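Student: Handing you a structure now.
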Amino acid sequence: MIIAEVRRQWRVIASLMMREMTTRFGREGIGFVWLIGEPIVFCVGVIGLWSFVKPTFSTDHGVRLAPFVMTGYMCLILIRHLIGLLTPAIQSNVGLLYHRTVTPLHILFTRIILETAGGTLAFAVLYLVLYLLGQVALPENFLLLYGGWLVVAFAAAGLGLIMTGLVMRFEVMERVVGLITYLMIPISGAFFMVSWLPGTAQKIVFYIPFVHGTEAIRSAIFGEFVETHYNLGFAIFIGAIMNVVGLLLIYASLNRIEVD
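Be aware that the sequence shown starts at 338, since it is given in the working numbering, and climbs by one per residue.
In C-alpha coordinates:
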(Lines of atoms letter the chains of each structure in order from A; the text may use other names.)
(Lines give C-alpha, C1' and ligand atoms only; values in the text may rest on other atoms or scores of the structure.)
Protein backbone atom coordinates (compact mmCIF):
# COMPACT_ATOMS: atom_id res chain seq x y z
CA MET A 338 0.00 0.00 0.00
CA ILE A 339 2.74 2.46 0.96
CA ILE A 340 4.81 1.61 -2.11
CA ALA A 341 1.79 2.06 -4.37
CA GLU A 342 1.08 5.48 -2.84
CA VAL A 343 4.70 6.55 -3.26
CA ARG A 344 4.58 5.50 -6.92
CA ARG A 345 1.36 7.44 -7.43
CA GLN A 346 2.81 10.58 -5.88
CA TRP A 347 6.00 10.21 -7.92
CA ARG A 348 4.00 9.89 -11.15
CA VAL A 349 2.35 13.24 -10.39
CA ILE A 350 5.71 14.90 -9.65
CA ALA A 351 7.32 13.33 -12.74
CA SER A 352 4.51 14.69 -14.93
CA LEU A 353 4.90 18.14 -13.41
CA MET A 354 8.65 17.96 -13.96
CA MET A 355 8.18 17.24 -17.67
CA ARG A 356 5.74 20.15 -17.93
CA GLU A 357 8.08 22.47 -16.02
CA MET A 358 11.09 21.55 -18.15
CA THR A 359 9.14 22.16 -21.35
CA THR A 360 7.86 25.51 -20.05
CA ARG A 361 11.23 26.73 -18.76
CA PHE A 362 13.68 25.29 -21.27
CA GLY A 363 11.57 24.70 -24.39
CA ARG A 364 11.32 21.50 -26.38
CA GLU A 365 14.77 21.98 -27.92
CA GLY A 366 16.53 22.02 -24.53
CA ILE A 367 18.56 25.17 -25.29
CA GLY A 368 17.53 26.73 -21.98
CA PHE A 369 18.78 23.71 -20.06
CA VAL A 370 22.15 24.02 -21.80
CA TRP A 371 22.34 27.64 -20.65
CA LEU A 372 21.54 26.52 -17.10
CA ILE A 373 24.89 24.73 -17.19
CA GLY A 374 26.72 27.22 -19.39
CA GLU A 375 25.89 30.37 -17.38
CA PRO A 376 27.82 29.45 -14.20
CA ILE A 377 30.74 28.17 -16.27
CA VAL A 378 31.03 31.44 -18.18
CA PHE A 379 30.65 33.52 -15.03
CA CYS A 380 33.09 31.51 -12.92
CA VAL A 381 35.77 31.43 -15.60
CA GLY A 382 35.34 35.19 -16.03
CA VAL A 383 35.55 35.88 -12.29
CA ILE A 384 38.56 33.61 -11.88
CA GLY A 385 40.30 35.40 -14.73
CA LEU A 386 39.45 38.84 -13.34
CA TRP A 387 40.55 37.96 -9.81
CA SER A 388 43.78 36.52 -11.15
CA PHE A 389 44.70 39.98 -12.47
CA VAL A 390 43.23 42.05 -9.62
CA LYS A 391 44.34 39.77 -6.77
CA PRO A 392 47.32 37.74 -8.02
CA THR A 393 48.45 36.98 -4.44
CA PHE A 394 45.07 35.56 -3.35
CA SER A 395 46.37 32.01 -2.88
CA THR A 396 49.40 33.25 -0.94
CA ASP A 397 47.33 35.55 1.28
CA HIS A 398 44.65 33.01 2.22
CA GLY A 399 46.23 29.62 1.69
CA VAL A 400 43.55 28.41 -0.77
CA ARG A 401 43.54 28.26 -4.55
CA LEU A 402 41.46 30.89 -6.30
CA ALA A 403 39.58 28.68 -8.78
CA PRO A 404 38.07 26.16 -6.31
CA PHE A 405 37.28 28.97 -3.86
CA VAL A 406 35.31 30.95 -6.46
CA MET A 407 33.71 27.83 -7.91
CA THR A 408 32.41 26.50 -4.60
CA GLY A 409 31.18 29.90 -3.41
CA TYR A 410 29.44 30.92 -6.61
CA MET A 411 27.76 27.54 -7.22
CA CYS A 412 26.36 27.51 -3.67
CA LEU A 413 25.16 31.07 -4.12
CA ILE A 414 23.46 30.21 -7.43
CA LEU A 415 21.68 27.26 -5.86
CA ILE A 416 20.42 29.38 -2.94
CA ARG A 417 19.25 32.28 -5.07
CA HIS A 418 17.61 30.11 -7.74
CA LEU A 419 15.68 28.04 -5.21
CA ILE A 420 14.36 31.17 -3.50
CA GLY A 421 13.58 32.91 -6.78
CA LEU A 422 11.77 29.93 -8.33
CA LEU A 423 9.84 28.76 -5.28
CA THR A 424 8.24 32.09 -4.35
CA PRO A 425 6.04 32.39 -7.47
CA ALA A 426 5.56 28.63 -7.90
CA ILE A 427 2.00 28.24 -6.61
CA GLN A 428 0.63 31.49 -8.06
CA SER A 429 2.04 30.76 -11.52
CA ASN A 430 0.67 27.19 -11.49
CA VAL A 431 -2.60 27.83 -9.69
CA GLY A 432 -4.57 26.35 -12.60
CA LEU A 433 -3.04 22.94 -11.90
CA LEU A 434 -4.80 22.86 -8.54
CA TYR A 435 -8.03 22.14 -10.44
CA HIS A 436 -6.80 18.57 -10.66
CA ARG A 437 -7.50 16.63 -7.50
CA THR A 438 -4.23 14.70 -7.80
CA VAL A 439 -2.13 17.89 -7.81
CA THR A 440 -1.42 19.69 -4.53
CA PRO A 441 0.76 22.72 -3.69
CA LEU A 442 3.30 20.29 -2.25
CA HIS A 443 3.67 18.59 -5.64
CA ILE A 444 4.32 21.92 -7.35
CA LEU A 445 6.90 22.97 -4.75
CA PHE A 446 8.69 19.60 -4.68
CA THR A 447 8.88 19.66 -8.48
CA ARG A 448 10.76 22.95 -8.51
CA ILE A 449 13.01 21.94 -5.62
CA ILE A 450 13.98 18.70 -7.37
CA LEU A 451 14.50 20.33 -10.76
CA GLU A 452 16.57 23.23 -9.47
CA THR A 453 18.69 21.05 -7.20
CA ALA A 454 19.29 18.55 -10.00
CA GLY A 455 20.14 21.32 -12.48
CA GLY A 456 22.48 23.03 -10.03
CA THR A 457 24.17 19.73 -9.22
CA LEU A 458 24.73 18.96 -12.89
CA ALA A 459 26.10 22.47 -13.48
CA PHE A 460 28.46 22.08 -10.53
CA ALA A 461 29.70 18.72 -11.83
CA VAL A 462 30.29 20.04 -15.34
CA LEU A 463 32.05 23.16 -14.07
CA TYR A 464 34.22 21.06 -11.77
CA LEU A 465 35.18 18.81 -14.68
CA VAL A 466 36.04 21.81 -16.89
CA LEU A 467 38.25 23.38 -14.22
CA TYR A 468 39.84 19.99 -13.48
CA LEU A 469 40.74 19.53 -17.15
CA LEU A 470 42.21 23.04 -17.14
CA GLY A 471 44.35 22.11 -14.15
CA GLN A 472 42.68 24.66 -11.87
CA VAL A 473 41.27 22.20 -9.30
CA ALA A 474 42.19 18.78 -7.96
CA LEU A 475 39.88 15.88 -7.21
CA PRO A 476 37.98 16.24 -3.90
CA GLU A 477 39.62 14.84 -0.79
CA ASN A 478 36.26 13.60 0.52
CA PHE A 479 33.41 12.94 -1.92
CA LEU A 480 30.90 12.05 0.80
CA LEU A 481 31.50 15.35 2.60
CA LEU A 482 31.19 17.19 -0.71
CA TYR A 483 27.77 15.63 -1.38
CA GLY A 484 26.69 16.21 2.21
CA GLY A 485 27.62 19.90 2.17
CA TRP A 486 25.91 20.46 -1.17
CA LEU A 487 22.68 18.80 -0.02
CA VAL A 488 22.71 20.81 3.22
CA VAL A 489 22.95 24.04 1.21
CA ALA A 490 20.03 22.89 -0.97
CA PHE A 491 17.97 21.79 2.06
CA ALA A 492 18.44 25.10 3.87
CA ALA A 493 17.81 27.10 0.68
CA ALA A 494 14.58 25.19 0.07
CA GLY A 495 13.52 26.01 3.63
CA LEU A 496 14.16 29.72 3.17
CA GLY A 497 12.42 29.58 -0.22
CA LEU A 498 9.34 27.97 1.32
CA ILE A 499 9.22 30.61 4.07
CA MET A 500 9.42 33.38 1.48
CA THR A 501 6.73 31.61 -0.59
CA GLY A 502 4.35 31.58 2.36
CA LEU A 503 5.04 35.22 3.14
CA VAL A 504 4.53 36.26 -0.48
CA MET A 505 1.20 34.41 -0.55
CA ARG A 506 0.07 36.18 2.61
CA PHE A 507 1.52 39.67 2.06
CA GLU A 508 1.75 41.14 -1.45
CA VAL A 509 4.47 43.59 -0.40
CA MET A 510 6.78 40.64 0.25
CA GLU A 511 7.14 40.12 -3.50
CA ARG A 512 9.40 43.17 -3.53
CA VAL A 513 11.46 41.83 -0.65
CA VAL A 514 12.37 38.56 -2.38
CA GLY A 515 14.95 40.25 -4.58
CA LEU A 516 16.47 41.96 -1.55
CA ILE A 517 16.72 38.62 0.29
CA THR A 518 18.50 36.98 -2.65
CA TYR A 519 21.03 39.84 -2.77
CA LEU A 520 21.47 39.56 0.98
CA MET A 521 22.65 36.00 0.41
CA ILE A 522 25.81 37.30 -1.30
CA PRO A 523 27.53 38.59 1.86
CA ILE A 524 26.08 36.15 4.41
CA SER A 525 26.00 32.78 2.61
CA GLY A 526 29.71 32.12 3.00
CA ALA A 527 30.19 32.24 -0.76
CA PHE A 528 33.05 34.75 -0.72
CA PHE A 529 34.64 34.26 2.68
CA MET A 530 35.75 31.45 4.96
CA VAL A 531 34.90 31.37 8.64
CA SER A 532 38.56 31.19 9.64
CA TRP A 533 39.18 34.59 8.00
CA LEU A 534 36.69 36.34 10.31
CA PRO A 535 37.34 37.70 13.82
CA GLY A 536 36.02 35.65 16.74
CA THR A 537 32.80 37.60 17.26
CA ALA A 538 31.87 37.46 13.56
CA GLN A 539 32.57 33.71 13.51
CA LYS A 540 30.03 33.16 16.29
CA ILE A 541 27.43 35.16 14.37
CA VAL A 542 27.83 33.48 10.97
CA PHE A 543 27.84 30.07 12.66
CA TYR A 544 24.06 30.48 13.10
CA ILE A 545 23.63 30.65 9.30
CA PRO A 546 23.07 27.11 7.92
CA PHE A 547 24.37 27.96 4.43
CA VAL A 548 27.80 28.74 5.86
CA HIS A 549 28.11 25.22 7.28
CA GLY A 550 27.31 23.62 3.93
CA THR A 551 29.72 25.84 2.02
CA GLU A 552 32.51 25.25 4.54
CA ALA A 553 31.92 21.48 4.35
CA ILE A 554 32.21 21.58 0.56
CA ARG A 555 35.48 23.49 0.79
CA SER A 556 36.77 21.12 3.44
CA ALA A 557 36.02 18.22 1.09
CA ILE A 558 37.95 19.90 -1.73
CA PHE A 559 40.86 21.53 0.11
CA GLY A 560 41.42 18.78 2.65
CA GLU A 561 42.73 18.98 6.20
CA PHE A 562 45.47 21.48 5.37
CA VAL A 563 42.93 24.34 5.11
CA GLU A 564 41.10 25.43 8.27
CA THR A 565 37.33 25.06 8.01
CA HIS A 566 34.50 25.33 10.54
CA TYR A 567 31.17 23.57 10.08
CA ASN A 568 28.55 21.50 11.88
CA LEU A 569 26.28 19.74 9.39
CA GLY A 570 24.04 18.37 12.14
CA PHE A 571 23.25 21.88 13.33
CA ALA A 572 22.68 23.08 9.75
CA ILE A 573 20.28 20.18 9.07
CA PHE A 574 18.39 20.94 12.28
CA ILE A 575 17.98 24.63 11.36
CA GLY A 576 17.11 23.67 7.79
CA ALA A 577 14.40 21.28 9.02
CA ILE A 578 12.86 24.03 11.15
CA MET A 579 12.90 26.39 8.17
CA ASN A 580 11.22 23.81 5.92
CA VAL A 581 8.49 23.04 8.47
CA VAL A 582 7.82 26.73 9.14
CA GLY A 583 7.71 27.40 5.40
CA LEU A 584 5.18 24.62 4.73
CA LEU A 585 3.00 25.76 7.64
CA LEU A 586 3.02 29.32 6.29
CA ILE A 587 2.09 28.12 2.82
CA TYR A 588 -0.84 25.98 3.94
CA ALA A 589 -2.05 28.73 6.25
CA SER A 590 -2.09 31.09 3.26
CA LEU A 591 -3.78 28.84 0.67
CA ASN A 592 -7.14 30.55 1.27
CA ARG A 593 -5.63 33.70 -0.22
CA ILE A 594 -5.01 32.00 -3.56
CA GLU A 595 -7.94 32.19 -5.99
CA VAL A 596 -8.41 29.25 -8.34
CA ASP A 597 -10.41 30.64 -11.27
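Ideal Cβ positions, reconstructed from N, Cα and C, are used throughout, including at glycine. Just so you know, these numbers come straight off a predicted model, no measurement behind them.
Output needed for residue 349: all residues of its chain with C-beta closer than 7 Å, excluding positions within five of it in sequence on either side, in chain order.
Tutor: As a first step, residue 349 is located in the sequence shown; it is residue number 12 there, counting from the start. These residues qualify, in order along the chain: 438, 439, 443.
Student: Taking residue 475 and residue 407 to be in contact with their CB atoms under 8 Å, please state how far apart those CB atoms are, rounded to whole angstroms.
Tutor: By one-based count along the sequence shown, residue 475 stands at place 138. By one-based count along the sequence shown, residue 407 stands at place 70. Contact doesn't hold; Cβ gap of about 14 Å is too wide.
Student: List the endpoints of the continuous alpha helix (DSSP H) containing residue 529.
Tutor: Reading the sequence shown from its first residue, position 192 is the one you call residue 529. Segment: none, residue 529 is in no alpha helix (DSSP H) and carries neither H nor E.
Student: What residue range is occupied by the uninterrupted alpha helix (DSSP H) comprising residue 404?
Tutor: The residue given as residue 404 occupies position 67 in the sequence shown. Where residue 404 is concerned, the enclosing alpha helix (DSSP H) stretches over 402–423.
Student: I'd like the span of the alpha helix (DSSP H) that includes residue 509, first residue to last.
Tutor: One-based indexing of the sequence shown puts residue 509 at position 172. Neither: residue 509 is in no alpha helix (DSSP H) and is coded neither H nor E.
Student: How would you write the range of the alpha helix (DSSP H) that residue 552 sits in, first residue to last?
Tutor: Your numbering for residue 552 matches position 215 in the sequence shown. Run containing residue 552: 546–559, per the alpha helix (DSSP H) assignment.
Student: Does DSSP put residue 457 in a helix, a strand or coil?
Tutor: Counted from its first residue, the sequence shown places residue 457 at position 120. If DSSP states are grouped into helix, strand and coil, residue 457 belongs with the helices.
Student: Drop a sphere of 10 angstroms on the beta-carbon of residue 522, count the other beta-carbons inside from all chains shown, and report buried for 16 or more, exposed for fewer.
Tutor: Position 185 of the sequence shown, counting from 1, holds the residue named residue 522. Looking at its Cβ environment, which holds fewer than 16 other Cβ atoms inside 10 Å, residue 522 is exposed.
Student: Pair every Cβ in the segment 412–424 with every Cβ in the segment 449–460, then say whether three or more of these pairs are closer than 8 Å.
Tutor: Yes, they touch.
Student: To the nearest angstrom, report how far apart residue 383 and residue 375 are at their CA atoms.
Tutor: Within the sequence shown, the letter at position 46 stands for residue 383. Within the sequence shown, the letter at position 38 stands for residue 375. Rounded to whole angstroms, residue 383 to residue 375 spans 12 Å at the Cα level.
Student: Terminal residues of the continuous alpha helix (DSSP H) containing residue 588?
Tutor: Residue 588 sits at position 251 when you count from the first residue of the sequence shown. Run containing residue 588: 569–589, per the alpha helix (DSSP H) assignment.
Student: Going by Cα to Cα distance, which pick from 361, 479, 503, 427 is closest to residue 517?
Tutor: Position 180 of the sequence shown, counted from the start, is the residue given in the question as residue 517. Per the Cα distances, 503.
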